[in-house]
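**Q** For what it's worth, our numbering labels the leading residue of the sequence shown as 1, then goes sequentially.
Here's a structure for you.
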Amino acid sequence: MRLIRRAFIVFLVAVPGLALVLAGGGYLWLRTSLPVTEGTIRLTGPQSTIEIFRDARGVPHIRAETQLDAYFALGFVHAQDRLWQMEMMRRTASGRLAEMAGARLVPHDRTMRTLGLARLARHNLGNLPAPVQAALGAYARGVNGWLATHSGALPPEFYFTGIRPAPWKAEESLLWGRLMGLRLSTNWRREALRAGLLRRLAPAQVAALWPPYPADAPVTVPGPVREAARRPAPSRTIWEGVPDLPFEALAQAIPTPLWSSASNAWAVSGRRTASGKPILAGDPHLGFQAPNLWYLARITAPGLTIAGATLPGMPFHIFGHNQAIAWTVTATGADTQDLVIERLRPSDGGRYLTPHGSRAFITRGETIKVKGGDPVRLTIRATRNGPVISDLTDRADPVAPSGAVVALRAAMLEPDDRTAEALYHLNRAQNWAQFRAALRNFHSPVQNFVYGDVQGRIGFQLAGRIPIRRSGDGFAPVRGDHAADDWTGYIPFDALPTMVDPKSGLVINANNRVVGPAYPYLITRDWGRPYRAQRIAQKLTNDRRHDIAASAAMQMDNLSLAAREIIPVLLAATPRTPETGPALDRLAAWDAMVLRAKPEPLIFNAWLRRILPGLVADELGPLAGGYRRVDPLFIRNVLEGDRAWCDDVSTPALESCGSVLAAALIAALEDLRRRFGPDMGKWRWGDAHIARFRNRALSSLPLIGGFADIAIATDGDTFTLNRGTTRLFSRRYPFAHRHGATFRAIYDLADLESSVFIQPTGQSGNPLSPHYRDLIETWRDGGYLTIPSRVHDGLRRLRLVPSAPAPPPRPKAPR
């Protein structure tokens, strides 16, 4: 018995000890996944010795003797620091997530296979010019050079998902452009929702839910104000002769974009700056993730000196400066997609109707591998307009019930996309003419480019393919058998909005309207709200000594013009009662600064969250969940005139706007008391407004998830320059900071060496790295770093030395 007891005691002591030893050993092994940043690595691929210097924040400074070696080195460092991010990108775009994570991701993979992004990328590669193919090939060799020479562990995510990375292919770098085109073009989901709403509401009601851009709001490229002739929003008659289609189900089947898109950008001419040369500033706003989307890098090679933000998986800089120019980018929000109702031939469900008779569907087979399950075999159909996306719904038979299907017509799905070629030349442009020449081939996604150069010029150029519709405004789905609904081409590049050296000395865009209504082509009817552009104009108009510090303060500006505009309207319409009075008093005295130490931003946003359902839930019914817009302009329009929305149509009584607002405020205050306690004075925006950067592979794992995720309290909200967008209709975290500046940069064209940059999280995608989260507080607090060309002894230096003379690259000849 004593022997058994002793053995049991030994077991109790030994097992935890062994577990600790194994855990410690595993930790030490995983640490070998961190990059080698000093010494010499011999490998095949480079043509000559490459030097990679890393600064204190892990930013690589690449020095190469040829441009192809520079791209090789960029592929190498991307693989060192962001291999898992690159793996996830190519699997996401190719529809290969289910083979890693199981059946729950089959719907995602089915969507991506239906769109065919991987097929398009393979086709694109052979059509690019030889120098661009050579750059993509050198980059791929750099990624694979790291895979071949790395003897330690892979990044932790590979072990938790049980996959190993395959060699990188040059064509996979082209997936980024396709994926960004998809994620920054969300009109198809909006069209499906509007189609469902038009079944329930009058066209004027549906149009009211998306108010037009205010006539007195900022326009980036000024021009005469004259209303262009446009067909009015479609009515219910568009579906005459078309049986019911499941637009509600289709809206749910279309994936919600992982990234909302927005950005700020401005250029200030030298006559308004302290240096006498332009200042250019930009900060793209996207959804948060860990690691952050962007990767900072500098390249120095003969004929190519560039610094700024890269995308791991791509060899070209997306934002940055070379020795002569700097540029930044904002999302246009152009309408480049249409849902097309394709009627089936009554006697043959394998054919669909066109304006000139019927055609057979184009079909292809795809097989989705599923971890832990049987493969899923798909038959994907396409029409002359694009892939049939109504097949994404869960109906057992997508054809018979309706007699029609829905196809997606989208500029991003054109097979001849040359955006990679545009970026290649953009990185080398030396002046305004070369800059514009490069952007002629920028096809997708449609973007606004803001420019400055060392000669003192500033400018704006919209770039990308925007369809010319024979008629209509892209508001809702169109008929595939009506020639009037066809596209006739794309807006010619020379007709796209452009501006150089404006008299005002300012270029401003914050996703606001680019051109006035006199512009002869339709870009979109869904422009972003003007509040951020208005705030930029306020700050710049009277500033005659602008410098980097002034732009930095603007990027961190937390004044909400939306709150300043809508709060007086809300206060005037809301009855004052003992329940509402204290909150109304606080909002009346609030300066509209959205700071994390204040309670007022929390009260204001909680109120907005409750107002919208009170106005539209009864009219929209089951579709209310799809309309998740907190639009101060819509609320103001209701309170100042369109008051029918305040009445609850499901009751016999006639409700007033005041009663709706009071009920919404009382409900919002109850929500906040449950979450933050009874004392309103102790509520803090920062207690709820937490920027969350999730590591999607690790965040759900016990213990590890908390270590891999990054969170920090922040200022700002949806309408401030320091963008702090929330998802107010989330049940669990309605006020969490989900979307904001994923990169900030300010360029002084008098001294590009003094340009400053920052990104959240850090350079590394490996949670074990000291550079995984070391930039988060600097980013939150408005700090920056520089990426100068000078190198010094304090930098870590890695040399990549060719193990044998490399043969010259032999890219495929362009077709």
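A virtual CB, placed ideally from N, CA and C, is assigned to each residue, including glycine.
Every value quoted in this text rests on a predicted model; they were computed, and no experiment measured them.
Out of 782, 504, 525, which one is the CA nearest neighbour of residue 514?
**A** Position 514 of the sequence shown, counted from the start, is the residue given in the question as residue 514. Closest option to residue 514, Cα to Cα, is 525.
**Q** Just list the residues that DSSP pairs residue 451 with in beta bridges.
**A** One-based indexing of the sequence shown puts residue 451 at position 451. In DSSP, residue 451 forms a bridge with 327, 459.
**Q** Starting from residue 90 and walking both ways along the beta strand (DSSP E), at which residues does that stretch end?
**A** Working through the sequence shown from its first residue, we reach residue 90 at position 90. Counting along the chain, residue 90 falls outside any beta strand (DSSP E), though it belongs to the alpha helix (DSSP H) covering 67-94.
**Q** So, do the stretch 711-726 and the stretch 545-558 have three or more beta carbon pairs nearer to each other than 8 angstroms?
**A** Output reads yes: the stretch 545-558 touches the stretch 711-726.
**Q** From residue 439 to residue 567, what does the alpha carbon distance come to, in whole angstroms?
**A** Counting from 1 along the sequence shown, the entry for residue 439 is found at position 439. Counting from 1 along the sequence shown, the entry for residue 567 is found at position 567. C-alpha separation (whole angstroms): 42 angstroms.
**Q** Whose C-beta lies closer than 8 angstroms to the C-beta of residue 30 among residues of the same chain, with five residues either side of it excluded?
**A** Residue 30 sits at position 30 when you count from the first residue of the sequence shown. The answer, listed in chain order, is 153, 156, 159, 768.
**Q** Could you round the C-beta distance between residue 178 and residue 251 to whole angstroms and report it? I think they count as a contact, below 8 angstroms.
**A** Position 178 of the sequence shown holds residue 178. Position 251 of the sequence shown holds residue 251. Actually they are not in contact, since the Cβ atoms of residue 178 and residue 251 sit about 22 angstroms apart, beyond 8 angstroms.
**Q** Just to confirm before moving on: does the CB-CB distance between residue 70 and residue 300 stay below 9 angstroms?
**A** For the purposes of this step, residue 70 is identified with residue 70 of the sequence shown, where counting begins at 1. For the purposes of this step, residue 300 is identified with residue 300 of the sequence shown, where counting begins at 1. It is a contact, given that the beta carbons lie within the stated cut-off.
**Q** Looking at C-alpha atoms only, which residue of 781, 799, 273 is the closest neighbour of residue 542?
**A** The residue given as residue 542 occupies position 542 in the sequence shown. When each option's Cα is compared against that of residue 542, the closest is 273.
**Q** So what does DSSP say about residue 718, is it helix, strand or coil?
**A** Taking the sequence shown and counting its residues from 1, the one referred to as residue 718 is at position 718. Residue 718: coil per DSSP, three-state reduction.
**Q** Are residue 739 and residue 333 close, meaning C-beta to C-beta below 9 angstroms?
**A** Residue 739 sits at position 739 when you count from the first residue of the sequence shown. Residue 333 sits at position 333 when you count from the first residue of the sequence shown. Contact: no.
**Q** Roughly how many angstroms separate the alpha carbons of residue 551 and residue 406, rounded to a whole number?
**A** Mapped onto the sequence shown, residue 551 falls at position 551. Mapped onto the sequence shown, residue 406 falls at position 406. When rounded, the distance between both Cα atoms is 46 angstroms.
**Q** With DSSP run on the structure shown, which of helix, strand or coil describes residue 366?
**A** Residue 366 sits at position 366 when you count from the first residue of the sequence shown. Three-state result, residue 366: strand.
**Q** Quick one: what does DSSP say residue 669 is sitting in, helix, strand or coil?
**A** To locate residue 669, count along the sequence shown from 1; it is residue 669. Looking at residue 669 - three-state DSSP - the assignment turns out to be helix.
**Q** In chain order, what residues of the same chain have a beta carbon less than 6 angstroms from the beta carbon of residue 367, not counting five sequence neighbours either side?
**A** Position 367 of the sequence shown, counted from the first residue, corresponds to residue 367. These residues qualify, in order along the chain: 375, 377.
**Q** Which ranges does the beta strand (DSSP E) cover as unbroken runs of at least 3 residues, wholly within the stretch 500-582, from first to last along the chain?
**A** Counting only runs of 3 or more, we get 506-509.
**Q** Are residue 413 and residue 775 close, meaning C-beta to C-beta below 9 angstroms?
**A** On the sequence shown, position 413 is the one that residue 413 refers to. On the sequence shown, position 775 is the one that residue 775 refers to. No, they are not a contact pair.
**Q** Using the C-alpha atoms, what's the distance from residue 454 back to residue 360?
**A** Residue numbering aside, residue 360 sits at position 360 when the sequence shown is read from its first letter. Residue numbering aside, residue 454 sits at position 454 when the sequence shown is read from its first letter. When rounded, the distance between both Cα atoms is 56 angstroms.
**Q** Identify whether residue 314 lies in helix, strand or coil by the three-state DSSP scheme.
**A** In the sequence shown, residue 314 corresponds to position 314, counting from 1. Three-state result, residue 314: coil.
**Q** Are the beta-carbon atoms belonging to residue 796 and residue 53 less than 9 angstroms from one another?
**A** Looking up residue 796 in the sequence shown gives position 796. Looking up residue 53 in the sequence shown gives position 53. Yes, the Cβ-Cβ distance between residue 796 and residue 53 is below 9 angstroms.
**Q** Do residue 302 and residue 66 have their beta-carbon atoms positioned less than 9 angstroms apart in this structure?
**A** If you number the sequence shown from 1, residue 66 lands on position 66. If you number the sequence shown from 1, residue 302 lands on position 302. Cβ distance < 9 angstroms, so residue 66 and residue 302 count as in contact.
**Q** Which class does residue 616 belong to by DSSP, given the choice of helix, strand or coil?
**A** Within the sequence shown, the letter at position 616 stands for residue 616. It is helical.
**Q** Spell out the partners DSSP gives residue 593 in its beta bridges.
**A** Position 593 of the sequence shown holds residue 593. Looking at the DSSP assignment, residue 593 forms a beta bridge with 559.
**Q** Looking at the secondary structure, which residues open and close the beta strand (DSSP E) in which residue 710 lies?
**A** Along the sequence shown, read from residue 1 onward, the residue named residue 710 stands at position 710. Element bounds for residue 710: 710-713.
**Q** Compute the Euclidean distance between the alpha carbons of residue 681 and residue 599, then round it to the nearest angstrom.
**A** What you label residue 681 is simply residue 681 of the sequence shown in a count that begins at 1. What you label residue 599 is simply residue 599 of the sequence shown in a count that begins at 1. Approximately 7 angstroms, taken between the alpha carbons.
**Q** Does the beta carbon of residue 283 sit closer than 9 angstroms to a beta carbon anywhere in chain D?
**A** The structure shown contains no chain D; it holds only a single protein chain.
**Q** Do you know how far the Cα of residue 530 is from the Cα of residue 844?
**A** Nothing about residue 844 can be reported from this structure: the residues present for the chain run from 1 to 815 only.
**Q** Hey, residue 74 and residue 315 are a contact pair by Cβ (cut 8 angstroms); roughly how many whole angstroms apart?
**A** Mapped onto the sequence shown, residue 74 falls at position 74. Mapped onto the sequence shown, residue 315 falls at position 315. Right, the Cβ-Cβ distance comes to about 6 angstroms (below 8 angstroms), so this counts as a contact.
**Q** May I ask you to report which of helix, strand or coil DSSP gives residue 337?
**A** One-based indexing of the sequence shown puts residue 337 at position 337. Looking at residue 337 - three-state DSSP - the assignment turns out to be strand.
**Q** By the DSSP assignment, the beta strand (DSSP E) with residue 123 in it spans what residues?
**A** As a position in the sequence shown, residue 123 is number 123, starting the count at 1. Looking at the DSSP string, residue 123 is not in any beta strand (DSSP E); the run it does join, the alpha helix (DSSP H), is 117-127.
**Q** Given a threshold of 16 other Cβ atoms within 10 Å of its Cβ, counted over all protein chains shown, does residue 764 qualify as buried or as exposed?
**A** By 1-based counting over the sequence shown, the position of residue 764 is 764. Label assigned to residue 764: buried.
**Q** For a quick check, are the C-beta atoms of residue 721 and residue 756 less than 9 angstroms apart?
**A** Translated into the one-based positions of the sequence shown, residue 721 becomes position 721. Translated into the one-based positions of the sequence shown, residue 756 becomes position 756. In this structure, residue 756 does not lie closer than 9 angstroms to residue 721 by Cβ.
**Q** Would you mind reading off the limits of the alpha helix (DSSP H) that contains residue 219?
**A** Along the sequence shown, read from residue 1 onward, the residue named residue 219 stands at position 219. Unbroken run through residue 219: none, as it is neither H nor E.
**Q** Helix, strand or coil: which one does DSSP assign to residue 146?
**A** Residue 146 sits at position 146 when you count from the first residue of the sequence shown. If DSSP states are grouped into helix, strand and coil, residue 146 belongs with the helices.
**Q** Could you name the residues that DSSP lists as bridge partners for residue 264?
**A** Counting from 1 along the sequence shown, the entry for residue 264 is found at position 264. Paired residue(s): 283.
**Q** Using 10 angstroms around the beta-carbon of residue 27, count the other beta-carbons present and answer buried if the total reaches 16, otherwise exposed.
**A** Residue 27 sits at position 27 when you count from the first residue of the sequence shown. It is exposed - the Cβ of residue 27 has fewer than 16 other Cβ atoms within 10 Å.
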